[in-house]
Structures are given as C-alpha cells and as structure tokens.
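Peer 1: Input: one structure, supplied below.
Chains as they are written, first to last, in the working numbering: chain C, 1100 to 1389; chain B, 6 to 295.
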C-alpha cells in the first residue's frame, strides 16, 4: 500500500512536470514578439541596420521614444490624447447605460422585456462585417464620421450588449430580500438602484468599465474606417498608418520607432488587464455556468 | 401586481436601447437593405437595383479570389489556433499549483489584450527585411525572405500572426469549460490513477462536448474574420495575396470608390455563405453523433 502511494506521487510529479514544460514553451513563444519589440524599441538606427545585428540592444537608448514625442511629421501626442478622449467617453456611456439597463432587465417587468433582451444578446454573435458598411454610411449622414465623440458612441453601442448581459447577471445574483426591506420603507425604484443595488454591484461595474476601456482603447477597425483626418487618429490607427507615410529622408524612424509606439499603445491595456484578471476569470466562470 | 407590467419603469433600459438601436441593430438591418440598392458616396438617396449587385458579384473575379483567400486564411490559422488553445487551456486546468496557472493564463492571454494593431506592428518588425526572422536566417547563411513582400509567403505570415493573436481568446473559453468540470468527475479519475492522455480523452474532453460543438460551428464564422489583422499587417498585399473577402468589400466602399451597395451585397453574400456552411457542419456533426 505504502509503495503504491509513493509510486502514484511520483507519477503525479512527472505529469505536472510535462505540463509545465509544455506551458513554459507556449509562454516563451507567446511572449517572444513582445520581448523582441521591447528590445528593438531601444535600438539605434545603426544597430538595426548593422551587418551583424544582435537581438539585445547594446544599451538602453531612448532615441526612438524621444522621436515619438518630438517629431512633427506624425503627431503621436495628439493620437494619445485622442485615444484617451475616446476611451473615457466610451467607458462613461457604457457604465451608465449598462448600470441602468442591467437593472431594468433584471428587476423591472415590462412587456416584451425578454424578447428585447434576447435580441440584444444575439447582436454579440453578428460578425463585424455585417454592419460596418451601413455603420459608415449612418455615421456619415449623422456627421459623426470624423468625430471622436461619434466614434465613442459607436464603440459604446458595440460593447453594450455584452456589458448589459454582465450587469444583468450581477443584479440577478443580489438577493431580493434587501430590496423588499427598502420597498416597505417606501423607496422608489431609482432609490433602490442607487442606494441598495449599485453599492453591491461595484465589482461588476469595475469589470464592465475595464472591459469597455480595453475595447475602446484597442479598437482598430472602427477607428480606421470612421476617422479619415490624421488629426483625429487614435493610437492604434496611427501606428499602422504612419509607416508608409514617413518620408524616406526622415527615416531616422526605423521599425524601432513603430515598436516603441506599439509598446506605448499596449501598456495601458496590459496594466488594466493584469489589475482585474482574477475578476475576469471568476466573472466568466459564473457567467458561463448560468 | 398585474398593472406593474405596464409601468413606465422601462425608461431604465432606454439609454442602452437608444445606442444599440441606432449604432448596432439598425446598421445590421440597413446593411441587408443596402445590398439591393446602388449607393455611391454619402448621399441620402440610393437607387433600387434589386439583384443587380448579386449578378455583378457572381461574375466578379475578385470576389471569388477574396473568398478563396479567406478560406485559405481560415484553413491555415483556425485549426492550429483551436488545437493550441485546447491543449493550453486543458494543461492550465490540470496544474496543481494555482499560482502558476494564474501566471500562465496571464502570459498566454496577453496577445488578446494587446491592441490588434500593436500586435501586428510587432509582427511587422519581426517580418521586416532586417527583422528578427531574417537576422536568424542570415546566421545560418540563408538569404533574407520577404515574409510580407513575397505573394507566396505573405498569407502564411499573416496566418502565424493571427494564430498568435487569437489563440488566447479560445483558450479562455476552454479553460473556463475545464474549470467547470465537476470536481467529483476529476477526483474519481485521479483515484483511478488515469494517465494524462486517458484523462484528457475519456474524461475532460467529453465533458466539454457542447463547447466543442460550438467551436466547430464557429469555424464557418471565422470566414468573416481577419479584417483587422489584414488591414494592420499587410493591407491586402502583396499582389492581393492577402486580400480576404471582408477586406475587398471595405476596399471598394469605405476606403475606395464608395460603392456602398455593392460592398453590402458582398458582405451579405459572405454571411449567407457562412450560415449555409455552418448548417452543413451542424448536419454532419449530428449524423456523427448518431
């Protein structure tokens, strides 16, 4: 018996070892492009075009980052600002609308409520290509096409279905006893939402906020289609558009510069994701169960 | 209580409903209408042409070329994405040390969190003439390869970048599915001392059967994807080698001669084609189940 247990423990150790080897290899492959990007963002033009280039930069050289913030050819600073504006407006709309809407869909009864909700849920599965041409036309007609606010409205509408679904789930998980007590005290539905429900739904709201931030900050295809004025470009657009438009004479900009820009674009997203990643998985586990 | 159903409290969902109707649901409906019209540029009125767009589409060589590029793109990227995602998700769920699991799932999910255009910019630097891959090749004495400039290779390069970018998202769903495998099932397997391989095939994989079913159906939906990756990485080139169908439709409308009606018809055709394919997949899988 003793011997059997001992063997089994060895077997488990062996299995865990194999699993870890596989996952370490996968992680290295996944991280490598990011690692290479970090390295080359610190390389000078001589290092990048040298006859025997190396992977690691010779020293931490900030020339690419300085170029990003000082160049007048491409306005990266403006793009950062635009990205922040679009993200903040999107997050504000999504948080407000999904808090109200999630409450409406979970606690208040009205005709066709479930039909409306199911239609909204279905929208998540419609491919982007099905709507984008018409969206472009509608945005043009509403004169919202080259506007950051317009882009934010569009992005909010695209992320709202999943946010509503999440907030509804959060509100449904709050026991009704609390509301019943407040109802007896004569609270209105809005007071119920504001004083009873929202304080308990804080975690869900944070998840919705970060989720919509990640969506708006990282959005490429809507920004790339709706924004045509270079002064309105957001970060994800400018890092791809700027490459061919850089005049050859100004090619102090090697791909080191674009890598630096890509890193700056990625950093806020990575930080926010790591900050909430536990909640992210727990939320999904609960959501997929229900 | 019956009157409650008719109270005005549905105003809670109105803000969310407004955004979704104007910018999400209506464009999808309008996209279908648009497919039967001739709309050029930003005008208020189009002309009904009924099936003219579809007639043109079926004789348009570039549509078929785009469809075949899309199919190849899915064929090169989707199966590998799913296999990597499945194995990664499963191995993470098997880990005994939970902290390690947390670390791996952050690392493997990073490409999804990083804005798509930043990720593609990273790959552009890897594929550059003097980027990482060609540096490595030169160390082995091989001439540089035009990863993004050779029409024979560009689609493979795109597929690799797309696998890197997308496998984490699928891994997330598998991981959640495996986490939700009932504990009793997992423990009984451990007591039996089942090998890794056996546990995977006979216990864990069957318990996420429904999820696998959805993944298979979605493989058809993958045909409508890839627009962001192509736009950011290759711009459809070289020599149209990576012009997937959604890119072609954007190219002739939003970024080009603004043939909105025709582009909408192409997208509708793609959606119908995808749905037809999905229903075939469903039928085949039902037959196999029996």
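Glycine is no exception: its CB is placed at the ideal position from the N, C-alpha and C atoms.
1) Checking the sheet assignment: what are the DSSP bridge partners for residue 55 of chain B?
2) Does the distance from the CB of residue 1335 of chain C to the CB of residue 1314 of chain C come in under 8 Å?
3) Under 8 Å, do residue 117 of chain B and residue 164 of chain B count as touching if we go by C-beta distance?
4) Give the C-beta separation of residue 160 of chain B and residue 74 of chain B to the nearest angstrom, bearing in mind that I take them to be a contact with Cβ-Cβ under 8 Å.
5) On the three-state DSSP scale, how would you describe residue 340 of chain B?
6) Grab me the residues of residue 1201 of chain C's own chain with a C-beta within less than 6 Å of its C-beta, minus the 5 sequence neighbours each way, in chain order.
7) Per DSSP, residue 264 of chain B is paired with what?
8) Report all residues from its chain with a CB closer than 6 Å to the CB of residue 1208 of chain C; omit the five preceding and five following residues, and keep chain order.
9) Could you name each continuous beta strand (DSSP E) segment of 3 residues or more that falls completely within the segment 196-232 of chain B, going from the start of the chain to the end?
10) Any idea what DSSP makes of residue 28 of chain B, helix, strand or coil?
11) Do residue 98 of chain B and residue 183 of chain B have their C-beta atoms closer together than 8 Å?
12) Residue 18 of chain B to residue 1203 of chain C, Cα distance in whole Å?
13) In chain order, what residues of the same chain have a beta carbon less than 6 Å from the beta carbon of residue 246 of chain B, not counting five sequence neighbours either side?
14) Looking at residue 222 of chain B and residue 283 of chain B, is the spacing between their C-beta atoms short of 8 Å?
15) So that I know if they touch, is there some Cβ in chain C lying closer than 8 Å to that of residue 74 of chain B?
16) When you compare each of C/1379, C/1130, C/1113 to residue 180 of chain B by their alpha carbons, which one comes out closest?
17) By the three-class DSSP mapping on this structure, what secondary structure does residue 1102 of chain C have?
18) Flag this pair as touching only if the segment 22-32 of chain B and the segment 1208-1225 of chain C have three or more C-beta atom pairs under 8 Å; answer yes or no.
19) My guess is that residue 1093 of chain C and residue 135 of chain B are in contact by the Cβ rule of under 8 Å, so how many angstroms apart are they, rounded?
20) Using the C-alpha atoms, what's the distance from residue 1248 of chain C back to residue 278 of chain B?
21) Quick check: residue 1143 of chain C and residue 1162 of chain C, are their CB atoms within less than 8 Å of each other?
22) If distances are taken between C-alpha atoms only, which option among C/1369, C/1134, C/1288 comes closest to residue 130 of chain B?
23) Under 8 Å, Cβ to Cβ, is there at least one residue of chain C near residue 29 of chain B?
24) My output table needs one value for residue 1162 of chain C: the three-state DSSP class, helix, strand or coil.
25) Report the rounded CA-to-CA distance for residue 1173 of chain C versus residue 151 of chain B, giving the unit in angstroms.
26) Please decide whether residue 1175 of chain C counts as near chain B, where near means a Cβ-Cβ distance under 8 Å.
27) Would you kindly work out how many angstroms separate the C-alpha atoms of residue 153 of chain B and residue 128 of chain B, rounded to a whole number?
28) Of all the options B/122, B/148, B/172, B/149, which has the alpha carbon lying nearest to the alpha carbon of residue 1364 of chain C?
29) What does residue 1132 of chain C reach in chain B if we use C-beta pairs closer than 7 Å?
30) Look up residue 1376 of chain C in the DSSP assignment and say whether it is helix, strand or coil.
31) So residue 1135 of chain C contacts chain B; which residues on that side make the cut at Cβ distance below 8 Å?
32) For a test of the three-state rule: what should DSSP assign to residue 241 of chain B, helix, strand or coil?
33) So, are the CB atoms of residue 1376 of chain C and residue 111 of chain B less than 8 Å apart?
34) Which residues in the same chain as residue 304 of chain B place their Cβ atom closer than 7 Å to its Cβ, once the five residues preceding and following it in sequence are excluded?
35) Distance, Cα to Cα, residue 1181 of chain C vs residue 1302 of chain C?
36) Who are the neighbours of residue 236 of chain B on chain C, taking C-beta pairs under 8 Å?
Peer 2: On the basis of the coordinates in this document:
1) As a first step, residue 55 of chain B is located in the second chain; it is residue number 50 there, counting from the start. Note: residue 55 of chain B sits in no beta bridge, so no partner.
2) Taking the first residue of the first chain as 1, we reach residue 1335 of chain C at position 236. Taking the first residue of the first chain as 1, we reach residue 1314 of chain C at position 215. With contacts defined as CB atoms closer than 8 Å, residue 1335 of chain C and residue 1314 of chain C fail to qualify as a contacting pair.
3) By 1-based counting over the second chain, the position of residue 117 of chain B is 112. By 1-based counting over the second chain, the position of residue 164 of chain B is 159. Residue 164 of chain B is positioned such that its CB atom lies no closer than 8 Å to that of residue 117 of chain B.
4) Numbered from its first residue, the second chain carries residue 160 of chain B at position 155. Numbered from its first residue, the second chain carries residue 74 of chain B at position 69. So it is a contact: roughly 7 Å between Cβ atoms.
5) Past the edges of chain B, shown from 6 to 295, lies residue 340 of chain B, and the structure says nothing about it.
6) One-based indexing of the first chain puts residue 1201 of chain C at position 102. Within the same chain, and ignoring the five residues on either side of residue 1201 of chain C in sequence, the residues whose Cβ sits closer than 6 Å to its Cβ are 1263, 1266, 1267, 1270.
7) In the second chain, counting from the first residue as 1, residue 264 of chain B sits at position 259. Its beta-bridge partners are B/45.
8) Here residue 1208 of chain C corresponds to residue number 109 of the first chain, with the count starting at 1. Exclusion of the five residues before and after residue 1208 of chain C leaves no residue of its chain whose Cβ lies closer than 6 Å to its Cβ.
9) Here no run is fully enclosed.
10) Against the second chain, residue 28 of chain B aligns to sequence position 23. In the three-state scheme derived from DSSP, where H, G and I count as helix and E and B as strand, residue 28 of chain B is classed as helix.
11) As a first step, residue 98 of chain B is located in the second chain; it is residue number 93 there, counting from the start. As a first step, residue 183 of chain B is located in the second chain; it is residue number 178 there, counting from the start. Taking 8 Å as the cut-off, the beta carbon of residue 98 of chain B is found closer than this to the beta carbon of residue 183 of chain B.
12) Residue 18 of chain B sits at position 13 when you count from the first residue of the second chain. Residue 1203 of chain C sits at position 104 when you count from the first residue of the first chain. Computed Cα separation, rounded: 6 Å.
13) Looking up residue 246 of chain B in the second chain gives position 241. Same-chain partners within the cutoff: 156, 159, 160.
14) Residue mapping note: residue 283 of chain B aligns to position 278 of the second chain, counting from 1. Residue mapping note: residue 222 of chain B aligns to position 217 of the second chain, counting from 1. One thing to note: residue 283 of chain B has its Cβ within 8 Å of the Cβ of residue 222 of chain B.
15) Stepping through the second chain from its first residue, residue 74 of chain B is reached at position 69. No, because no Cβ of chain C sits closer than 8 Å to the Cβ of residue 74 of chain B.
16) Along the second chain, one-based indexing puts residue 180 of chain B at 175. Distances from the alpha-carbon of residue 180 of chain B to those of C/1379, C/1130, C/1113 put C/1379 closest.
17) Your numbering for residue 1102 of chain C matches position 3 in the first chain. Note on residue 1102 of chain C: pLDDT 42, under 50, position unreliable in the model; the coordinate value appears next. The answer is helix: DSSP assigns residue 1102 of chain C an H, G or I state.
18) Touching, yes, given that three or more Cβ pairs across the two stretches are closer than 8 Å.
19) An answer regarding residue 1093 of chain C cannot be provided, because it is not within the stretch 1100 to 1389 covered by chain C.
20) Residue numbering aside, residue 278 of chain B sits at position 273 when the second chain is read from its first letter. Residue numbering aside, residue 1248 of chain C sits at position 149 when the first chain is read from its first letter. Going from the Cα of residue 278 of chain B to the Cα of residue 1248 of chain C covers about 35 Å.
21) Stepping through the first chain from its first residue, residue 1143 of chain C is reached at position 44. Stepping through the first chain from its first residue, residue 1162 of chain C is reached at position 63. The Cβ-Cβ distance between residue 1143 of chain C and residue 1162 of chain C falls below 8 Å.
22) Position 125 of the second chain holds residue 130 of chain B. Looking at the Cα atoms, C/1134 is the closest of the given residues.
23) Sequence index remark: in the second chain, residue 29 of chain B carries index 24 (1-based). At least one CB of chain C lies nearer than 8 Å to the CB of residue 29 of chain B.
24) The count along the first chain starts at 1 and reaches residue 1162 of chain C at position 63. Helix at residue 1162 of chain C.
25) Counting from one through the first chain, the residue named residue 1173 of chain C turns up at place 74. Counting from one through the second chain, the residue named residue 151 of chain B turns up at place 146. Rounded to the nearest whole angstrom, the C-alpha separation of residue 1173 of chain C and residue 151 of chain B is 27 Å.
26) Here residue 1175 of chain C corresponds to residue number 76 of the first chain, with the count starting at 1. Not one chain B Cβ lies under 8 Å of residue 1175 of chain C.
27) Start at 1 with the first residue of the second chain, and residue 153 of chain B comes out as number 148. Start at 1 with the first residue of the second chain, and residue 128 of chain B comes out as number 123. Taking the straight line from one Cα to the other gives about 10 Å.
28) Here residue 1364 of chain C is taken as the residue at index 265 of the first chain, counted from 1. Answer by Cα proximity: B/122.
29) Numbered from 1 along the first chain, position 33 holds the residue referred to as residue 1132 of chain C. What residue 1132 of chain C touches in chain B: 127, 128, 131, 169.
30) Mapped onto the first chain, residue 1376 of chain C falls at position 277. Residue 1376 of chain C falls in the helix class under three-state DSSP.
31) Against the first chain, residue 1135 of chain C aligns to sequence position 36. Correct list: 127, 130, 131, 137.
32) Residue mapping note: residue 241 of chain B aligns to position 236 of the second chain, counting from 1. Per DSSP, reduced to three states, the secondary structure at residue 241 of chain B is coil, with no helix or strand assignment.
33) Here residue 1376 of chain C corresponds to residue number 277 of the first chain, with the count starting at 1. Here residue 111 of chain B corresponds to residue number 106 of the second chain, with the count starting at 1. Contact annotation: residue 1376 of chain C and residue 111 of chain B have beta-carbon atoms nearer than 8 Å.
34) Because chain B here runs from 6 to 295, residue 304 of chain B falls outside it and cannot be looked at.
35) For this step, residue 1181 of chain C is matched to residue 82 along the first chain. For this step, residue 1302 of chain C is matched to residue 203 along the first chain. In a straight line, the C-alpha of residue 1181 of chain C is about 28 Å away from that of residue 1302 of chain C.
36) Counted from its first residue, the second chain places residue 236 of chain B at position 231. Those are 1319, 1320, 1323, 1339, listed as they occur along chain C.
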